[in-house]
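Colleague:
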Amino acid sequence: MAQLSLRLRVFLFFGLIGMGGVCVVLAALLLGYRQLGNPDALSSFMTVGIFAGFGLLALATFVWRLFDENISKPIEILAAQFRLRANTGIDATIDEKTAKYLGDLAPAACAINEKLGDASRITAEQVAQRTARLEQQRAQILRILSDIPVAVIVATPDHQIVLYDGQAADLMEQEAPARLNGSVCDYLDKQTLCTALSTMRDTGTKRRAITIKGKSGATYSGHIRIFDDTEAYTLMLEPLDPDAARPLVYDFDLLEKNQHSDLYETPLRDLTFVVFDSETTGLDPDKDDVVQLGAVRIVNGRIIKAEVFDTLVNPRRPIPAQSSKVHGITDSMVAKAPDFDAARNAFQAFVADAVLIAHNAPFDMAFLNQQSAPDAPRFGNAVMDTVHLSAIIFGGSAVHTLDALCDRLQVKIPDHMRHTAGGDALATAQAFVAMLPILEARGLSTFGHVRAEALRHRRILQVQD
């Protein structure tokens, strides 16, 4: 019972009252009929029993509906707003009218919320001051690094990438989409890399020259260096264009992350996610086509803004005017765009083995898989749906459209980006990142925990876009 939602427990409670009342009435009528001892009175007793039974059930249902609307739902809403404030710092205001039948609970909740808001603002001001100084130092370091004429990749001992610069990104893109927390071996020859590292460790060498082939067959040269305190290493290769921009993409926390073999036991923050969205010619995967795919990657609970996927798709048929009114994509815009198979293959390379996230994921996954060629590999990635995550946090009775979810989480979607694949994917990613600490605070810290909780909501939740 403790694992059931409040609303379900209240429903069961009133159901028990209704059924118990029916049993008491039937038992009383049976006792009265036996004491009367008149067989001709059976039909009268049955009429009374049926009327009383259905009347009691109707009364219990009516009272339960009142209780659900005025007590259970407001409590559910208050709990969700407290989680937002406690775990995200979002300034979620509490409407006393929502809980007007909860006595002094609503004013007390508002008072607590105001106190938390004051404390959060003070903390935010202190953090902002310290962060500004760190940002200045970071900008100075990046300016210095931008003058170093090499392509830099930093990786963990098991070859997971924790940093790459713009020059390295250009080099990596020659082999496969650049991915933070991806494997160096997805781009460069693993045997050459492992041999070089093994030789350096055996001889105690910290730095040496290296010539290594990429997966495409291209040859790259430079140096490799092992960190002094760990077995992590840095690859410094000759850049493709020494004068190109050199933005850094990094997360040094990945050096401390452990690789997990069991997806269901993996903490959410240790997973790599690709949040995606699609725009289509209609709502039927069997008849309609994709006209745009957009996605963004999340690593260590952080959106990697440098790693995005956004492409128009040529459906090889006219786009209905009604659909164009929604997403703004016209026939002329997709005339020179890749067809679906080419776009899908590029997207699959971008996704790799990441967990896929979408808002109303069954809709988007249906288009990805059902429109593919029969011999094309299907997406075998694990999938999460932000509709279900919204139901877990805000309750099944809340509205779970993307607009409603973003409004609750204070995620802003610019009007010109709404109903574009890239814009909706970014908004969904921001919503997921905002929900992540709330899920963890509720003890749903692994993929398995979230998956099991989401399954509880699948049957009661109407999918909303």
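Take any residue in the sequence shown, note its place counting from 1, add 103, and you have its number in this note's numbering.
Note that CB positions come from ideal geometry on N, CA and C, so glycine has one too.
1. Taking only three categories from DSSP, how would you classify Ile407?
2. Within 10 angstroms of its Cβ, does Thr234 collect 16 or more other Cβ (buried), or is it exposed?
3. If you follow the beta strand (DSSP E) that Leu338 is part of, which residue opens it and which one closes it?
4. Closer than 8 Å is the cut-off here; do at least three beta carbon pairs connect the stretch 327 to 346 with the stretch 293 to 304?
5. Can you tell which of Pro477, Thr414, Val265 has the C-alpha that lies nearest to the C-alpha of Pro441?
6. With which residues is Val378 paired in a DSSP beta bridge?
7. Here's the rule I'm using: 16 or more other beta-carbon atoms within 10 Å means buried, otherwise exposed. How should Leu542 be labelled?
8. With DSSP collapsed to three states, give me the class of Asp442.
9. Considering only their Cβ atoms, is the gap separating Asp354 from Asp402 smaller than 8 Å?
10. Quick one: grab the DSSP three-state call for Ile251.
11. Can you tell me which of the three DSSP states Gln277 falls into?
12. Quick test of your reading: His522 and His462, contact by CB under 8 Å. State the CB separation rounded to the nearest angstrom.
13. Skipping 5 residues on each side, what residues in its chain have a beta carbon closer than 6 Å to that of Thr375?
14. At the level of alpha carbons, what is the spacing between Leu564 and Ala469?
15. Provide the residue span of the beta strand (DSSP E) that contains Ser324, from first to last.
16. Could you tell me the distance, in whole angstroms, from the CA atom of Ile313 to the CA atom of Thr306?
17. Around the C-beta of Ile153, are 16 or more other C-beta atoms found within 10 angstroms, so that it is buried, or is it exposed?
18. Is it true that the CB of Asp373 sits closer than 8 Å to the CB of Gly575?
19. Please state whether the Cβ-Cβ distance between Ala254 and Gln270 is less than 8 Å.
20. For Asp488, which three-state DSSP category applies?
21. Among Gly158, Ala155, Met538, Leu291, which residue has its Cα nearest to the Cα of Gln184?
22. Residues in the same chain with beta-carbon distance under 6 Å from Gln567, minus the five sequence neighbours each way, listed in chain order, please.
23. What is the rounded straight-line gap between the Cα of Thr369 and the Cα of His552?
24. Evaluate the contact criterion for the stretch 261 to 275 versus the stretch 334 to 342: three or more CB pairs, one atom per stretch, below 8 Å.
25. Need the endpoints of the alpha helix (DSSP H) that Lys176 sits in, please.
26. Looking at the strands, I want to know which residues DSSP matches up with Lys316.
27. Applying the 10 Å Cβ sphere with the 16-neighbour rule, what's the burial state of Leu145?
28. Straight-line CA distance for Lys408 to Ile174?
29. Start and end of the alpha helix (DSSP H) containing Ile541?
30. Is it buried or exposed for Glu382, if we count other Cβ within 10 angstroms and need 16 for buried?
31. Would you check if the distance between the CB atom of Ala532 and the CB atom of Ala189 is smaller than 8 Å?
32. Tell me which residue opens and which closes the beta strand (DSSP E) that Val416 is part of.
33. The alpha helix (DSSP H) spanning Val166 covers which residue range?
34. In terms of alpha-carbon separation, which member of Thr259, Phe148, Arg110 lies closest to Glu334?
35. Looking at the secondary structure, which residues open and close the beta strand (DSSP E) in which Ile58 lies?
36. Just tell me which of Gly124, Gln513, Ala348, Ala131 has its CA closest to the CA of Gly158.
Modeller: To lay it out plainly:
1. strand
2. exposed
3. Counted as a single uninterrupted DSSP element, the beta strand (DSSP E) harbouring Leu338 occupies residues 336 to 340.
4. yes
5. Thr414
6. According to DSSP, which records beta bridges pairwise, Val378 is partnered with Val399, Ile460.
7. Burial check for Leu542: the Cβ neighbour count within 10 Å reaches 16 or more, so the residue is buried.
8. strand
9. The displayed chain sequence assigns Val, not Asp, to residue 402. Less than 8 Å separates the beta-carbon of Val402 from that of Asp354.
10. For Ile251, the three-state secondary structure derived from DSSP is coil.
11. coil
12. Not really, about 12 Å apart at Cβ, beyond 8 Å.
13. Asn284, Val402, Ala457
14. Because Leu564 carries a pLDDT of 46, less than 50, the predicted location of this residue cannot be relied on, and no value is offered for it.
15. 322 to 329
16. The alpha-carbon atoms of Ile313 and Thr306 are separated by roughly 16 Å.
17. exposed
18. With the chain represented from 104 up to 568, any question about residue 575 goes unanswered, as that position is not in the structure.
19. By the CB criterion at 8 Å, Ala254 and Gln270 fall inside the cutoff.
20. strand
21. Met538
22. Interpretation of Gln567 is limited by its pLDDT of 41, a score under 50 that renders its predicted location unreliable; the figure taken from the coordinates is listed afterwards. Closer than 6 Å at Cβ, skipping near neighbours: His503, Thr504.
23. 10 Å
24. Contact between the stretch 261 to 275 and the stretch 334 to 342 is present, because at least three Cβ pairs lie under 8 Å.
25. 176 to 191
26. Thr322
27. Answer is exposed; the Cβ neighbour count stays below 16.
28. 42 Å
29. 524 to 544
30. buried
31. no
32. That residue, Val416, is in no beta strand (DSSP E); it is neither H nor E in DSSP.
33. 145 to 170
34. Thr259
35. Nothing can be reported for residue 58, as the shown portion of the chain is limited to 104 through 568.
36. Gly124
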